[in-house]
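Working notes for the structure below.
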Ligand code: GLA
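Residue numbers (my numbering): 572 to 954.
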């Protein structure tokens, strides 16, 4: 990928890149909508990445080229503004650069940048976090800005929250930054601590992208975010609002009468999901892969019934997969409302089995899901 990126960079900008960096996509292993509630979550960095190439230019322009369309977006370094919808792809690296400057990066001149990816976008694998982290690493190196991974992860999230306008938590950027081959990243989103647990040996991830994207997905994500904040406010009883992580299932039951049924169900999903993440951690440490699988299935069931961020397509994929040979568990992975289902399986689940799932899905919905067998991969780095 590096050679072809270098070649296209030279074609577009007439020079060689000075720095390359890469960052992976991620699977949300378990911990659905827990991150922005100060909860716990586990993710796995994938072996599919975004690679960014960058070089300084003598004036004060920031030029981003799109690998897809060849279009360029040119922004003045001294007045960085969010780009309109049709150039939204440029907002991810642009927002990252804005917050790097705010964090102390000194830029004596502008740059040219291009990236390339083998990560399917729109499949719920966080290609946007991968772009943010690859950009953050490349830009920091280019200007000699000495920032640690946690700082760059936080900047990626800040870009989503305050530049792109998506109220996400730290899961996607955290896993893209701190991922490790053969490891699951565990994040305590309250303390922003990252740790790694070994992936069960001989396991593989299968991803089935429903290819459905709800038209209102951003609005629905924000609506769930607001419902969780509402629950946290009620549970905090007029005091300084504490995140849902601070409350137990018992606290929620005691306050049930003070909230609408919808708000109660959203909070129940999050509070129970935090408990499932902790149990998953114990099962992993005990080598109990079947126990892990049960948690994955239970997480999906809770998304389906309580958080209502699943859909018919995802439910059907989970149903097909949960009964399949070699599959320990399956669940929607990521924000939901479309996107992908991930299955944790051993080698007895083969590509023929995956084809059978695809065919059954196609028979019901008239379209094929895209299927990827993924391995774990390393986190973001300069290469
Ligand atoms: C998206 C967000 C994450 C997280 C998940 C749901 O992937 O970007 O921060 O909230 O949804 O768990």
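Using N, Cα and C, we set each Cβ at its ideal position, and we do this for glycine too.
Beyond the five residues adjoining it in sequence on each side, residue 632 comes within less than 6 Å, by CB distance, of 645, 681 in the same chain, given in chain order. Between the C-alpha atoms of residue 720 and residue 747 there is a straight-line separation of about 10 Å. Between residue 598 and residue 716, the C-beta spacing is not below 9 Å. Per DSSP, the unbroken alpha helix (DSSP H) holding residue 822 starts and ends at 820-826. For residue 645, the secondary structure class from DSSP, reduced to helix, strand or coil, is strand. For residue 826, the CB contacts under 7 Å within the same chain, skipping 5 residues up- and downstream, are 805, 806 in chain order. Excluding sequence positions up to five before and after residue 718, its CB lies within less than 6 Å of the CB of 711, all in the same chain and listed in chain order. The shortest CA-to-CA distance from residue 818 to any of 583, 765, 840, 857 is the one to 840. In the three-state DSSP reduction, residue 736 falls in the coil class, being neither helix nor strand. Using a Cβ distance threshold of 9 Å, residue 667 and residue 707 count as a contacting pair. One residue after another in chain order, those with a Cβ under 5 Å from a heavy atom of the ligand GLA are 603, 604, 606, 739, 740, 742, 743, 905, 906. Exposure of residue 921 is indicated by the presence of fewer than 16 other C-beta atoms within 10 angstroms of its C-beta. Here the alpha carbons of residue 881 and residue 871 stand approximately 8 Å from one another. Residue 755: member of the beta strand (DSSP E) spanning 754-759, first to last residue. Secondary structure at residue 795: helix, using DSSP grouped into helix, strand and coil. Residue range 764-769 is occupied by the beta strand (DSSP E) that includes residue 769. Selection 755, 732, 623 evaluated against residue 702 yields 623 as nearest (Cα-Cα).
Residue 596 carries a strand assignment under DSSP once its states are collapsed to helix, strand and coil.
The Cβ neighbour count for residue 639, taken over all protein chains shown within 10 Å, is under 16; the residue is labelled exposed. DSSP links residue 800 through a beta bridge to no other residue. Residue 618 sits in a strand when the DSSP states are folded into three classes. Taking 9 Å as the cut-off, the beta carbon of residue 613 is found no closer than this to the beta carbon of residue 741.
DSSP places residue 778 in the uninterrupted beta strand (DSSP E) bounded by 775-784. In summary, residue 829 is exposed, with fewer than 16 beta-carbon neighbours lying within 10 Å of its beta-carbon over all protein chains present. Between the alpha carbons of residue 618 and residue 595 lies a gap of roughly 7 Å. Residue 608 counts as buried, since no fewer than 16 other beta carbons sit within 10 angstroms of its beta carbon. Contact between residue 753 and residue 770 is confirmed by a C-beta separation of about 5 Å, below the 8 Å threshold. Under DSSP, residue 627 forms a beta bridge with 682. Judged by their CB atoms, residue 684 and residue 625 are nearer to each other than the 9 Å cut-off. Around the C-beta of residue 605, 16 or more other C-beta atoms lie within 10 Å, and the residue is accordingly described as buried. By the Cβ-count criterion, residue 762 is exposed, with fewer than 16 other Cβ atoms from all chains shown falling within 10 Å of its own Cβ. By the Cβ test, the segment 861-868 is in contact with the segment 890-899, since at least three Cβ pairs between them sit closer than 8 Å. Buried is the label assigned to residue 903, since at least 16 other Cβ atoms lie within 10 Å of its Cβ. Taking a contact as a CB-CB distance under 8 Å, the pair residue 942 and residue 927 does not count as one, their CB atoms being some 11 Å apart. Comparing alpha carbon positions, the residue from 869, 888, 755, 949 closest to residue 933 is 888.
Counting only the Cα atoms, residue 886 lies some 33 Å from residue 593.
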